[in-house]
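Engineer: Supplied in structure tokens, the structure appears directly below.
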Amino acid sequence: MKTSNKQIANELEIIKASLEKFRDGAGADELRRISGLNLESRTFQRRLNKLQEQGEVYATGIARGIRYILTAPSDKGTEVHPKAAIPLSEAAHTILALVSQPVQRRTPVGYNRAFLEAYRPNVDSYLTETEKHQLTALGKTMKADEAAGTYAKDILNRLLIDLSWNSSRLEGNTYSLLDTERLLALGEIADNHSAAEAQMILNHKDAIEFLIRDPENIGFNRYTVLNLHALLSNNLLGNRAASGRLRVMEVRIGQSVFAPLALPQLIEEMFELLLLKAAAIKDPFEQAFFMMVQLPYLQPFDDVNKRVSRLAANIPFNRLNLSPLSFVDVPNDLYVQGIKGVYELNRIELLRDVFMWAYQRSAARYAAIRQSLGEPDPFMIKYREPVKELVAKIVSDGRSHREASKDIKLSAVNITEQDRLKFVEVVETELMNLHEGNFARYWISPSSFKKWKDGWFTM
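For any residue, its number in this note's numbering is found by taking its place in the sequence shown, counting from 1, and adding 17.
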């Protein structure tokens, strides 16, 4: 006999009422027993799936470790989401709403060992097969059959600037793209910036070169990850001995209700398990995203964990000569909220949306994806004239590297606030990419270009 809609609705209400008894959620079998519903496992699972579709319940964990949690009342029935800087799925919007609540309204949680332990490499997957195929198509280069690291070495100068700047920017570093180029090329610290900001960027340069220099020994092993941390944290930690060493002290996460592991023995155990599982994953994109999820969640180091995860994500791309992930244009706030979703909910959907979008942007930069698809950048179309006029003026006036940086920031004042930072980055990128084969598009004379280029780093 077919179950009526009214009966199904009643069963859903019973399941929700049962879930209210579990602050930290419950597994399907436990919940079915507590609810008292006389339903087969498959039928009960369909009811849970229905509640998830309705936004009443969300799942956390994977495989046998999945737990179902009742969505907070304030998060239900939200039809209109705040406009995000990147496209987000419904699941990502739900996570964003949950982690955006005031800290006082979020439930304190500790490290959930099952989140890592339940993950089965090449059986479970954070990325769908469709997403993996999409990323594979985007990441292919002409160097696939050459020695590991060949492609990264070919674009090393560009990669050093892009990845060093963007990864540092995600940590709140205020260096401009031009300031970063000058620092990496000449070692000059920009005016009105702290020594710590310069150190952070220089550390990224060293860490990237470490990953690329000897790809045969680089992998998801202790040697690589510990030394990657040592390079990224160099001269930035209060305790210099903590660089490249697993954490032995308790740490807290700012603006989060998540409390990481505190016992050194457990940190060591979970770190080894994390490396073992990461190394076993065959798909390079799943491998990269796994590290971006699990390493910050474990917090194996005193600090600099997210930086380590972002650079470690590039290990499989370098090994297979795929396009790198340099986090071009990634919004800081969405990245941080995505990480919080992992910390506090063990949910990866928001961070996954950020990862997918970030790789698409990075691949477009290095493999000219946008040109091959015939899709010009809408931002460049919108600000075509202001960008063109400013680049032409800087070159024609023979402005130096530092002078240009100031000119760009002054001009950006006239740009709408939400586009201001992007405008600065675009103009700086255009100047950095200017060469003898393309300067004419800015109506610059050969003599003006030569004079400007000769003095770009010397004035």
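The beta-carbon is built from N, C-alpha and C at its ideal position, and this holds for glycine as well.
Predicted model, so just to flag it, every value in this text is computed and none were measured.
1. Can you check whether the CB of Pro-232 is closer than 8 Å to the CB of Asn-331?
2. Measuring alpha carbon to alpha carbon, tell me which of Val-371, Leu-219, Ile-225 and Ser-417 ends up nearest Ile-103.
3. Please state if the CB of Ser-273 and the CB of Tyr-360 are separated by a distance shorter than 8 Å.
4. Please list the terminal residues of the continuous alpha helix (DSSP H) segment that includes Asp-356.
5. Going by beta carbon distance, what residues of the same chain come within less than 6 Å of Arg-327, once the five residues before and after it are set aside?
6. Taking Cβ positions, are Lys-12 and Val-412 nearer each other than 8 Å?
7. Which of the three DSSP states, helix, strand or coil, is assigned to Ile-218?
8. Ignoring anything shorter than 4 residues or poking outside the stretch 254 to 312, list the alpha helix (DSSP H) runs there in chain order.
9. On the criterion of 16 or more Cβ atoms from any shown chain inside 10 Å, does Gly-94 qualify as buried, or is it exposed?
10. Find out if the Cβ-Cβ distance for the pair Val-345, Arg-369 is shorter than 8 Å.
11. Give the C-beta separation of His-221 and Leu-249 to the nearest angstrom, bearing in mind that I take them to be a contact with Cβ-Cβ under 8 Å.
12. To test your reading of the DSSP string, which unbroken alpha helix (DSSP H) runs of 4 or more residues are found completely within the stretch 23 to 91?
13. Is it buried or exposed, Glu-277, if we count other Cβ atoms within 10 angstroms and call 16 or more buried?
14. Since Leu-245 and Ala-224 are thought to touch, with beta carbons under 8 Å apart, how far apart are those beta carbons, to the nearest angstrom?
15. For Glu-392, collect the residues of the same chain with a Cβ closer than 8 Å to its Cβ; drop the 5 residues on either side in sequence, then sort them by chain order.
16. Enumerate in chain order the residues of its own chain whose CB-to-CB distance from Ser-343 is below 6 Å, with the five nearest sequence positions on each side excluded.
17. Does the Cβ of Tyr-314 have 16 or more other Cβ atoms within 10 Å, making it buried, or fewer, making it exposed?
18. Going by DSSP, what residue range makes up the alpha helix (DSSP H) through Leu-176?
19. May I have the straight-line CA-CA distance separating Ile-365 from Val-265, to the nearest angstrom?
20. Does Ser-464 pass the burial test, meaning 16 or more other C-beta atoms within 10 Å, or should it be called exposed?
21. Exposed or buried, which one is Gln-354 when buried takes at least 16 other CB atoms within 10 Å?
22. Going by beta carbon distance, what residues of the same chain come within less than 6 Å of Phe-227, once the five residues before and after it are set aside?
23. Under 7 Å: does the beta carbon of Leu-155 sit that close to some heavy atom of the ligand MG?
24. Grouping DSSP H, G and I as helix and E and B as strand, with all else coil, what is Asp-141?
25. Helix, strand or coil for Gly-166 per DSSP?
26. If you reduce the DSSP assignment to three classes, tell me which class Val-345 lands in.
27. In this structure, does DSSP put Gly-472 in helix, strand or coil?
28. Between which residues of its own chain and Arg-437 is the CB-CB distance below 7 Å, once the five residues before and five after are set aside?
29. Flag this pair as yes or no: are the beta carbons of Met-58 and Leu-48 separated by less than 8 Å?
30. Would you mind sorting Leu-87 into buried or exposed? The rule is 16 or more other CB atoms within 10 Å of its CB.
31. CA-CA distance, Leu-29 and Leu-290?
32. What would DSSP say about Val-441, mapped onto helix, strand or coil?
33. Could you check what DSSP says for Ala-242 in three-state terms: helix, strand or coil?
34. Can you tell which of Ile-284, Ala-297 and Thr-191 has its C-alpha closest to the C-alpha of Asn-238?
35. Cβ atoms of Tyr-143 and Val-325: under 8 Å apart, would you say?
36. Among Leu-292, Arg-262 and Lys-294, which residue has its Cα nearest to the Cα of Pro-501?
Structural biologist: According to the structure shown:
1. no
2. Val-371
3. yes
4. Note on identity: in this sequence residue 356 is Ile, with Asp being the wrong assignment. Segment 349 to 362, the alpha helix (DSSP H) holding Ile-356.
5. Ser-184
6. With the chain represented from 18 up to 476, any question about residue 12 goes unanswered, as that position is not in the structure.
7. helix
8. 281 to 297
9. Confidence at Gly-94 is low in this model, with a pLDDT of 36, below 50, so the placement of that residue should be treated as unreliable; the coordinate-derived value is given next. Exposed, since its Cβ has fewer than 16 Cβ neighbours within 10 Å.
10. no
11. 7 Å
12. 45 to 52 and 58 to 70
13. Strictly speaking, residue 277 in this sequence is Pro, with Glu absent from that position. It is buried - the Cβ of Pro-277 has at least 16 other Cβ atoms within 10 Å.
14. 6 Å
15. Low confidence applies here, because Glu-392 scores a pLDDT of 47, under 50, leaving its location unreliable and the question unanswered by this model.
16. Asp-179, Leu-180, Asn-183 and Ser-379
17. buried
18. 173 to 186
19. 27 Å
20. exposed
21. Per the 10 Å Cβ criterion, buried.
22. Leu-248
23. Ligands in the displayed structure: none, and consequently the ligand MG is not present.
24. strand
25. coil
26. coil
27. It is helical.
28. Ala-429
29. The amino acid at residue 58 is misidentified as Met; the sequence shows Ser. Not closer than 8 Å, so no.
30. Buried, because 16 or more other Cβ atoms sit within 10 Å of the Cβ of Leu-87.
31. 38 Å
32. Collapsing the DSSP output to three states places Val-441 in a helix.
33. Before going further, note that residue 242 is Val rather than Ala in the sequence given. Correct three-state label for Val-242: helix.
34. Ala-297
35. no
36. Absent from the structure is residue 501, since the part of the chain shown begins at 18 and ends at 476.
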